[in-house]
Amino acid sequence: MVVIITGGSSGIGLATARLYRDLGHTVYSISRRSFNEEGINHVIGDVCDFESIKQAIDSIFEKEGRIDILINNAGMGISGAIEDTLLEDAEYNFKVNFFGTFNTTKAVIPIMRNQGGGKIANISSAAAIFPLPFQAFYSATKSAINSFSEALNIEVAPFNIQVCTFLPGDIKTDFTHNRKKNQIESKHYGERIQKSVAVMEKDEQNGMSPDNAAKVIYNTLKKRRLPLYKVIGTKYKLFGFFAKLLPVRIKHFALRKLYGFVPKNK
């Protein structure tokens, strides 16, 4: 099979690329920066630029003659209070995470349709189920991906194209260190932001290895019929189950407890 992974130079993307390579598949990683890994083909492309990503995908198709799986993995995060977030930072978060997924998907659909089918995997997040305090925009981009994927799945089903959305929980990768932190000092949120981000980063660094996450992705995508959603991590499967049952106020109380703060009563 021919597999394309965006953001395949690190984290879950790299682990997934290596797994497919080791199992004998033809793997292409698309990212903006140069990347050298034996057995993984790299193509320069920017998911934020449709013409750039289309050119990258078309070049792969011209060489291989087909594209069996697209894994939309490229993403980034920002942290900080909504009130203090710069518009350009929020827009860029959506540009990479959501519109990057849109651009790559848009470029690959005609190829998969003409060849009789294919599989598209979108990497969302458990944050789409439980929106995280002080990560509002990251959570929102992932919620947008979920809605996008559901609509996409209906649209492309007649072409034998299947869509699966993965919702990983805490994964131990460089994503933690690469997250852009809002540097604005805020007397209103300062201590709460520090507590929230500290808990989040600790959970990530104690989280599942990207190799184990890659195994879940591979084992799911090899199925003949894909589930629409696949949560990665037992704890987050439980979170997802209870999120459907619990009232919003209970969910919010759990998040406040989880991230180390409770609003003060006035």
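Count along the sequence shown starting at 1, add 14, and that's the number in our numbering. All C-beta atoms, glycine included, are put in the ideal place defined by N, C-alpha and C. Predicted model only: the values in this text are computed from it and were never measured.
Query	Result
Using CA atoms only, rank isn't needed, just tell me which of Phe151, Phe75, Gly38 is closest to Ile123.	Phe75
Can you tell me which of Ile85, Glu102, Ile96, Pro147 puts its alpha carbon nearest to the alpha carbon of Asn117?	Ile85
Three-state secondary structure (DSSP) at Ala88?	coil
Is Ser153 close to the ligand MN? I mean its beta-carbon at under 7 angstroms from any heavy atom of the ligand.	Among the ligands in the structure shown, none appear at all, so the ligand MN cannot be discussed.
Compute the beta-carbon to beta-carbon distance between Asn87 and Ile26, rounded to the nearest angstrom, for a pair I have assumed lies under 8 angstroms.	6 angstroms
Identify whether His39 lies in helix, strand or coil by the three-state DSSP scheme.	coil
In chain order, what residues of the same chain have a beta carbon less than 7 angstroms from the beta carbon of Arg47, not counting five sequence neighbours either side?	Ser23
Between the alpha carbons of Ile19 and Thr119, how many angstroms are there, rounded?	12 angstroms
Do Ile125 and Phe180 come within 8 angstroms of each other at the CB atom, strictly closer than that value?	no
Are the stretch 88-106 and the stretch 149-159 touching by the rule of at least three beta carbon pairs closer than 8 angstroms?	yes
So if DSSP puts Gly132 in a beta bridge, which residue, or which two residues, is it bridged to?	Ile175
What's the call for Ile264, buried or exposed, on a 16-neighbour Cβ count within 10 Å?	exposed
Which value, in whole angstroms, describes the spacing of the CA atoms of Gly38 and Ile134?	20 angstroms
Give the DSSP bridge partners of Pro224, in chain order.	Beta-bridge pairing links Pro224 to no other residue.
Where does Asn55 sit, in a helix, a strand or coil, going by DSSP?	strand
In angstroms, rounded to a whole number, what distance separates the CA positions of Tyr42 and Pro261?	43 angstroms
Measure from the alpha carbon of Pro182 to the alpha carbon of each residue in Gln208, Asn107, Gln176, Lys229, then state which is nearest.	Lys229
What separation, rounded to the nearest whole angstrom, lies between the Cα atoms of Glu52 and Thr30?	14 angstroms
List the whole-angstrom C-beta distance separating Ala140 from Asn160, where the pair is believed to meet the contact cut-off of C-beta under 8 angstroms.	Not a contact, Cβ separation roughly 11 angstroms.
Would a C-beta distance cut-off of 8 angstroms place Gly130 and Asn174 closer than the cut-off?	yes
For the beta strand (DSSP E) that Tyr243 lies in, which residues bound it at each end?	243-246
Quick check on His202: buried or exposed, where buried means 16 or more other Cβ atoms within 10 Å of its Cβ?	exposed
What would DSSP say about Phe180, mapped onto helix, strand or coil?	strand
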